[in-house]
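Notes follow once the structure below has been shown.
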Amino acid sequence: MEFFCYHRDRPGSLVLREELVEEHWSYMDRYAKELIARGPTFADDGETPTGSVHIVDLPDPAAARAFAFDEPNYQAGAFRDVLVRRWRNVLGRTMWDFPGGQTGGNRYLVLGLGEGPGADFALPPEREELVAYGPLLSDDGDTWLGTAVLLRAPDPDTARAVLTVDRYADVEVHDWEFGGRR
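Residue numbers (the numbering used here): 0 to 181.
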(Lines of atoms letter the chains of each structure in order from A; the text may use other names.)
(Lines give C-alpha, C1' and ligand atoms only; values in the text may rest on other atoms or scores of the structure.)
Protein backbone atom coordinates (compact mmCIF):
# COMPACT_ATOMS: atom_id res chain seq x y z
CA MET A 0 0.00 0.00 0.00
CA GLU A 1 1.27 3.44 -0.87
CA PHE A 2 1.01 6.35 1.56
CA PHE A 3 1.53 10.11 1.32
CA CYS A 4 3.05 11.73 4.43
CA TYR A 5 3.46 15.48 4.78
CA HIS A 6 5.13 16.75 7.95
CA ARG A 7 4.57 20.50 8.40
CA ASP A 8 7.25 22.43 10.27
CA ARG A 9 6.55 24.14 13.55
CA PRO A 10 7.50 27.84 13.28
CA GLY A 11 11.01 28.42 14.57
CA SER A 12 12.11 24.78 14.24
CA LEU A 13 14.88 25.31 11.67
CA VAL A 14 17.75 25.02 14.19
CA LEU A 15 16.27 21.80 15.57
CA ARG A 16 15.87 20.36 12.05
CA GLU A 17 19.47 21.24 11.24
CA GLU A 18 20.64 19.49 14.43
CA LEU A 19 18.69 16.36 13.47
CA VAL A 20 19.56 16.16 9.77
CA GLU A 21 21.80 13.09 10.10
CA GLU A 22 19.27 11.32 12.33
CA HIS A 23 16.55 12.09 9.78
CA TRP A 24 18.61 10.80 6.84
CA SER A 25 19.64 7.67 8.76
CA TYR A 26 15.99 7.01 9.58
CA MET A 27 15.02 7.43 5.92
CA ASP A 28 17.90 5.18 4.83
CA ARG A 29 16.05 2.35 6.60
CA TYR A 30 13.16 2.90 4.15
CA ALA A 31 15.19 3.39 0.97
CA LYS A 32 13.51 0.49 -0.86
CA GLU A 33 10.02 1.62 0.16
CA LEU A 34 10.35 5.30 -0.77
CA ILE A 35 8.55 6.48 -3.90
CA ALA A 36 9.36 10.17 -3.41
CA ARG A 37 10.70 12.49 -0.73
CA GLY A 38 11.89 16.01 -0.19
CA PRO A 39 11.48 19.26 1.69
CA THR A 40 9.05 22.07 0.98
CA PHE A 41 10.09 25.70 1.32
CA ALA A 42 8.69 29.14 2.07
CA ASP A 43 8.47 31.75 -0.68
CA ASP A 44 12.12 32.70 -0.06
CA GLY A 45 13.10 29.26 -1.42
CA GLU A 46 15.39 28.61 1.54
CA THR A 47 13.34 28.29 4.73
CA PRO A 48 11.96 24.75 5.13
CA THR A 49 8.22 24.51 5.77
CA GLY A 50 7.74 20.76 5.70
CA SER A 51 8.82 17.36 4.46
CA VAL A 52 7.11 15.07 1.94
CA HIS A 53 7.50 11.29 1.96
CA ILE A 54 5.60 8.93 -0.31
CA VAL A 55 6.22 5.40 0.82
CA ASP A 56 5.05 1.85 0.08
CA LEU A 57 4.29 0.05 3.36
CA PRO A 58 2.21 -2.99 4.36
CA ASP A 59 -0.70 -1.20 6.04
CA PRO A 60 -1.98 2.04 7.65
CA ALA A 61 -0.46 1.16 11.02
CA ALA A 62 3.00 0.84 9.45
CA ALA A 63 2.49 4.19 7.67
CA ARG A 64 1.57 5.93 10.92
CA ALA A 65 4.57 4.37 12.67
CA PHE A 66 6.80 5.59 9.82
CA ALA A 67 5.40 9.14 10.08
CA PHE A 68 5.31 9.47 13.86
CA ASP A 69 8.61 7.72 14.67
CA GLU A 70 10.52 10.11 12.37
CA PRO A 71 13.20 11.90 14.48
CA ASN A 72 12.08 15.47 13.65
CA TYR A 73 8.51 14.61 14.64
CA GLN A 74 9.68 12.94 17.85
CA ALA A 75 11.77 16.03 18.75
CA GLY A 76 8.90 18.47 18.13
CA ALA A 77 10.13 20.07 14.89
CA PHE A 78 6.82 19.40 13.14
CA ARG A 79 3.49 20.98 14.07
CA ASP A 80 1.36 18.34 12.34
CA VAL A 81 1.45 15.39 9.99
CA LEU A 82 -0.91 14.44 7.16
CA VAL A 83 -0.88 10.69 6.49
CA ARG A 84 -3.14 9.40 3.72
CA ARG A 85 -3.30 6.34 1.59
CA TRP A 86 -2.16 7.24 -1.93
CA ARG A 87 -2.25 5.60 -5.35
CA ASN A 88 0.84 5.86 -7.55
CA VAL A 89 -0.84 6.66 -10.88
CA LEU A 90 2.53 7.09 -12.63
CA GLY A 91 3.78 3.72 -11.39
CA ARG A 92 7.34 4.96 -10.81
CA THR A 93 9.53 6.62 -8.22
CA MET A 94 10.84 10.18 -8.33
CA TRP A 95 14.27 8.78 -9.26
CA ASP A 96 12.71 7.54 -12.51
CA PHE A 97 11.45 11.03 -13.43
CA PRO A 98 12.81 11.66 -16.96
CA GLY A 99 13.38 15.35 -16.18
CA GLY A 100 16.13 14.57 -13.66
CA GLN A 101 16.64 15.70 -10.10
CA THR A 102 17.64 19.29 -10.83
CA GLY A 103 16.60 22.09 -13.12
CA GLY A 104 13.38 24.05 -13.17
CA ASN A 105 10.99 24.89 -10.38
CA ARG A 106 9.51 21.96 -8.45
CA TYR A 107 6.25 22.03 -6.48
CA LEU A 108 4.03 20.02 -4.20
CA VAL A 109 0.38 20.60 -5.13
CA LEU A 110 -1.95 19.32 -2.44
CA GLY A 111 -5.65 19.34 -3.21
CA LEU A 112 -7.84 18.62 -0.19
CA GLY A 113 -10.99 16.96 -1.43
CA GLU A 114 -14.62 17.87 -1.03
CA GLY A 115 -17.46 15.89 -2.54
CA PRO A 116 -17.10 13.43 -5.43
CA GLY A 117 -13.60 12.41 -6.47
CA ALA A 118 -11.67 14.33 -9.13
CA ASP A 119 -8.47 14.14 -11.15
CA PHE A 120 -8.07 10.36 -11.16
CA ALA A 121 -6.73 10.40 -14.72
CA LEU A 122 -3.35 11.85 -15.59
CA PRO A 123 -3.42 15.40 -16.95
CA PRO A 124 -2.31 15.92 -20.57
CA GLU A 125 0.97 17.60 -19.52
CA ARG A 126 2.23 14.44 -17.80
CA GLU A 127 5.90 14.76 -18.84
CA GLU A 128 6.41 17.31 -16.03
CA LEU A 129 4.88 15.05 -13.33
CA VAL A 130 7.27 13.61 -10.77
CA ALA A 131 4.56 11.88 -8.69
CA TYR A 132 0.77 11.93 -9.06
CA GLY A 133 -2.08 10.24 -7.26
CA PRO A 134 -5.28 10.44 -5.25
CA LEU A 135 -5.31 10.74 -1.46
CA LEU A 136 -7.59 8.05 -0.06
CA SER A 137 -9.11 6.79 3.19
CA ASP A 138 -7.26 3.96 4.97
CA ASP A 139 -9.47 1.37 3.26
CA GLY A 140 -8.80 2.96 -0.15
CA ASP A 141 -12.53 3.45 -0.85
CA THR A 142 -13.02 7.17 -0.21
CA TRP A 143 -11.33 9.94 -2.20
CA LEU A 144 -9.93 12.66 0.09
CA GLY A 145 -7.92 14.70 -2.40
CA THR A 146 -4.93 14.59 -4.73
CA ALA A 147 -1.19 15.00 -4.17
CA VAL A 148 1.16 15.94 -7.02
CA LEU A 149 4.89 16.59 -7.26
CA LEU A 150 5.83 18.32 -10.50
CA ARG A 151 8.09 20.66 -12.39
CA ALA A 152 6.39 23.87 -13.55
CA PRO A 153 7.43 27.42 -14.49
CA ASP A 154 5.53 28.99 -11.57
CA PRO A 155 3.05 28.23 -8.73
CA ASP A 156 -0.01 29.19 -10.80
CA THR A 157 0.92 26.74 -13.54
CA ALA A 158 1.53 24.06 -10.90
CA ARG A 159 -1.88 24.74 -9.30
CA ALA A 160 -3.59 24.39 -12.69
CA VAL A 161 -2.75 20.66 -12.79
CA LEU A 162 -5.81 20.13 -10.55
CA THR A 163 -9.46 20.91 -11.23
CA VAL A 164 -9.57 23.74 -8.71
CA ASP A 165 -13.35 23.96 -8.21
CA ARG A 166 -13.41 20.31 -7.08
CA TYR A 167 -11.34 20.92 -3.93
CA ALA A 168 -12.05 22.55 -0.59
CA ASP A 169 -8.49 23.90 -0.68
CA VAL A 170 -5.45 23.66 -2.96
CA GLU A 171 -2.00 24.32 -1.51
CA VAL A 172 1.12 24.89 -3.60
CA HIS A 173 4.54 24.57 -1.96
CA ASP A 174 8.05 24.94 -3.38
CA TRP A 175 9.56 21.45 -3.25
CA GLU A 176 12.85 19.80 -4.13
CA PHE A 177 14.11 16.23 -4.47
CA GLY A 178 15.15 14.97 -1.06
CA GLY A 179 17.88 12.70 0.21
CA ARG A 180 21.47 12.92 1.25
CA ARG A 181 23.45 15.67 -0.40
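Where is the CB? At the ideal position from N, CA and C, for every residue including glycine.
With a threshold of 16 other CB atoms inside 10 Å of the CB of P116, please say whether the residue is buried or exposed. Here residue 116 corresponds to residue number 117 of the sequence shown, with the count starting at 1. Its Cβ having fewer than 16 others within 10 Å, P116 is exposed.
Residues that DSSP places opposite P134 in a beta bridge: For the purposes of this step, residue 134 is taken as residue 135 along the sequence shown, with counting starting at 1. P134 is bridged to T146.
The alpha helix (DSSP H) spanning D156 covers which residue range? Indexing the sequence shown from 1 puts residue 156 at position 157. From DSSP, the alpha helix (DSSP H) with D156 extends over P155 to R159.
CB W95 to CB F3, shorter than 8 Å? Position 96 of the sequence shown, counted from the start, is the residue given in the question as residue 95. Position 4 of the sequence shown, counted from the start, is the residue given in the question as residue 3. No, the pair does not count as a contact, with Cβ atoms beyond the cut-off.
Nearest-angstrom beta carbon gap, V55 and F66 [assumed within contact, 8 Å]: Position 67 of the sequence shown, counted from the start, is the residue given in the question as residue 66. Position 56 of the sequence shown, counted from the start, is the residue given in the question as residue 55. Their Cβ separation, rounded to whole angstroms, is 6 Å, which keeps F66 and V55 in contact under 8 Å.
From the DSSP output, in three-state form, read off E171 for me. Here residue 171 refers to the residue found at position 172 of the sequence shown. It is a strand residue.
The alpha helix (DSSP H) with W95 in it runs from where to where? Taking the sequence shown and counting its residues from 1, one reaches residue 95 at position 96. Careful: W95 lies outside any alpha helix (DSSP H) and carries neither H nor E.
The alpha helix (DSSP H) with N72 in it runs from where to where? Here the question's residue 72 lines up with position 73 in the sequence shown. Taken as a continuous stretch (DSSP letters only), the alpha helix (DSSP H) holding N72 covers P71 to A75.
Does the separation of the CB atoms of A63 and L149 fall below 8 Å? Taking the sequence shown and counting its residues from 1, the one referred to as residue 63 is at position 64. Taking the sequence shown and counting its residues from 1, the one referred to as residue 149 is at position 150. No, the pair does not count as a contact, with Cβ atoms beyond the cut-off.
8 Å contact criterion, which G111 and R151 should meet: CB distance rounded: As a position in the sequence shown, residue 111 is number 112, starting the count at 1. As a position in the sequence shown, residue 151 is number 152, starting the count at 1. Contact doesn't hold; Cβ gap of about 18 Å is too wide.
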